[in-house]
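Trainee: The following block contains the structure, expressed as C-alpha cells.
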Amino acid sequence: MKIIKVYVLSFFVITFVSLFFTACNNEGSDSPQTSAMTVRLTDAPGDYKEVNIDVRDILIKDNSTPDDQGWVSIGNLPPEGKIYDLLTLTGGVSALLADEVVPSGYLGQIRLLLGDKNTVVLKDGTLLPLKTPSAQQSGLKLNVNQTLMAGVTYDFMLDFNVARSIVVQAGSSGNYNLHPVVKVSTKVTSGIIKGSVTNITVAKQVEASVVIGTETISAFANAEGVFELNGVPAGTYTVTLTPDPTSGLLVKTIPGVVVVNGEITTLASVSL
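The numbering used here puts the first residue of the sequence shown at 741, with every later residue one more than the last.
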C-alpha cells in the first residue's frame, strides 16, 4: 500500500472552519470542541515504474452549503504544490501532507486538489505526462458523511487505485489520462491487515486482496515483501495472495483473518 498522511491542526483553521462545522457536546463550556483528524492517501499500484501526482491542497466541508461553496483548506503544502511518487510509499511508509485539528461536528466531504504536473514513468523508463481533465484539477470530491466527536482522533484513508486511475487513450495519440479512482475510509470504522511475503524476488508482483461484498480491497507487496490492506471493516475474511502469472507460483489463500476496527491484524510471514 502507498500512504500519504494528511493530519488535520492550527488555531487559524479552528477559528475559520468553526463557521460551518456544528460544535457538539459543549456541556456549558464556551471553549470550542475539537477532533483530531488525519487523512492518508494510499495506493494499489499498477504496472509502472513511477506514478507522480501533483498535490495542491486538501479541503473539507459539511453539507449545509451548495456544492461549490463552504470549502476550507486544511493543507500546509507550498503554493506550487508538491509531487509525490505513489509507488515509493509502500508497506506502511507515509508522507505528511497536513497536520490540523478541526472543530467537532459533521464532515460531509474531503476534496483532493490536484495540479497539472502529474506524470507516469513506464517500465522502459519513458516519462509521459498524465493529462488531468479540468474537472479533476478543480478537485476530486470524496463523500465522508460522518460526525466527528469531540476528543476523538479520526484517521481517514484515501485509497488511490493506480491501475484503474490511469487510462490509455485508444488510437494513435497514446495519451495517458489520469482519472483518479479513490476509496475513502477511516480507522474508527475499519481496520488494517498487514502481512509479508518471504519470496523477495517476486514480492513486488504479489497482490494481496480481500473481498467485501461486491468490493475488493487490494495492495501489492513492496520490495521488502510487506503489504497492507487498509480500510477493511470489522469482520472475518479470507486474504488471497496472487503472484504474477508469469512467476509460475500458485495463488494462496489465508482464511479466518479477523479484523477489528481501529486495530492492525498482523499475519504470519508467507512463502509462495
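Positions of the beta carbon are idealized from the N, C-alpha and C atoms, including for glycine. Just so you know, these numbers come straight off a predicted model, no measurement behind them.
Do Lys923 and Gly971 count as a contact pair if the criterion is CB distance below 8 Å?
Mentor: Along the sequence shown, read from residue 1 onward, the residue named residue 971 stands at position 231. Along the sequence shown, read from residue 1 onward, the residue named residue 923 stands at position 183. In contact: Gly971 and Lys923 (Cβ atoms closer than 8 Å).
Trainee: So what does Arg851 bridge to, in DSSP terms?
Mentor: Along the sequence shown, one-based indexing puts residue 851 at 111. According to DSSP, Arg851 bridges with Leu799 and Lys881.
Trainee: Would you kindly report the start and end of the unbroken beta strand (DSSP E) that includes Ser1011?
Mentor: Stepping through the sequence shown from its first residue, residue 1011 is reached at position 271. It is not in any beta strand (DSSP E) - Ser1011 carries neither H nor E in the DSSP assignment.
Trainee: Short of 7 Å in beta carbon distance, which residues of its chain neighbour Gly975, apart from the five on each side in sequence? Order them along the chain.
Mentor: Here residue 975 refers to the residue found at position 235 of the sequence shown. Only Val999 meet the Cβ criterion.
Trainee: Would you tell me roughly how many angstroms separate the C-alpha atoms of Glu767 and Val842, rounded to the nearest one?
Mentor: On the sequence shown, residue 767 is found 27 positions in, with the first residue counted as 1. On the sequence shown, residue 842 is found 102 positions in, with the first residue counted as 1. Unreliable positioning characterises Glu767 in this predicted model, as indicated by a pLDDT of 48, which lies under 50. A coordinate reading is not provided.
Trainee: Looking at C-alpha atoms only, which residue of Gly1002, Thr956, Thr982 and Ile1004 is the closest neighbour of Ser1011?
Mentor: Against the sequence shown, residue 1011 aligns to sequence position 271. Among Gly1002, Thr956, Thr982 and Ile1004, the Cα nearest to that of Ser1011 belongs to Thr982.
Trainee: Which class does Val902 belong to by DSSP, given the choice of helix, strand or coil?
Mentor: Here residue 902 corresponds to residue number 162 of the sequence shown, with the count starting at 1. The answer is helix: DSSP assigns Val902 an H, G or I state.
Trainee: Check for me: the beta strand (DSSP E) holding Ala948 runs from which residue to which?
Mentor: By one-based count along the sequence shown, residue 948 stands at place 208. Glu947 to Ile952 is the extent of the beta strand (DSSP E) around Ala948.
Trainee: At which residues does the beta strand (DSSP E) containing Val833 begin and terminate?
Mentor: Within the sequence shown, residue 833 is the residue found at index 93, counting from 1. Looking at the DSSP string, Val833 is not in any beta strand (DSSP E), and its letter there is neither H nor E.
Trainee: Under the rule that 16 or more other beta-carbon atoms within 10 Å means buried, what is Gln773, buried or exposed?
Mentor: The residue labelled residue 773 in the question sits at position 33 within the sequence shown. It is buried - the Cβ of Gln773 has at least 16 other Cβ atoms within 10 Å.
Trainee: From this set, Ile994, Asn915 and Thr859, which residue's C-alpha is nearest Glu951's C-alpha?
Mentor: Here the question's residue 951 lines up with position 211 in the sequence shown. The sequence shown places Val at residue 951, not Glu. Measuring from the Cα of Val951, the nearest candidate turns out to be Ile994.
Trainee: For the beta strand (DSSP E) containing Ile814, list its first residue and its last residue.
Mentor: On the sequence shown, residue 814 is found 74 positions in, with the first residue counted as 1. Segment: none, Ile814 is in no beta strand (DSSP E) and carries neither H nor E.
Trainee: Asn765 to Lys871, Cα distance in whole Å?
Mentor: Counting from one through the sequence shown, the residue named residue 765 turns up at place 25. Counting from one through the sequence shown, the residue named residue 871 turns up at place 131. Low local confidence applies: a pLDDT of 45 at Asn765 is under 50, so the model's placement there is unreliable, with the coordinate-based value given in what follows. The alpha-carbon atoms of Asn765 and Lys871 are separated by roughly 46 Å.
Trainee: Are there three or more Cβ pairs, one per stretch, closer than 8 Å when the segment 828-839 is compared with the segment 809-816?
Mentor: Touching, yes.
Trainee: In the structure shown, what three-state DSSP assignment does Thr805 receive?
Mentor: One-based indexing of the sequence shown puts residue 805 at position 65. It is coil, neither helix nor strand.
Trainee: Could you check which residue in Ala961, Ser844, Ser804 and Asp794 has the C-alpha nearest to that of Gln945?
Mentor: Taking the first residue of the sequence shown as position 1, residue 945 is located at position 205. The option with the nearest alpha carbon to Gln945 is Ala961.
Trainee: When you compare only the Cα positions, how much space is there between Ala959 and Leu799?
Mentor: Residue numbering aside, residue 959 sits at position 219 when the sequence shown is read from its first letter. Residue numbering aside, residue 799 sits at position 59 when the sequence shown is read from its first letter. Answer to the nearest angstrom: the Cα atoms are 26 Å apart.
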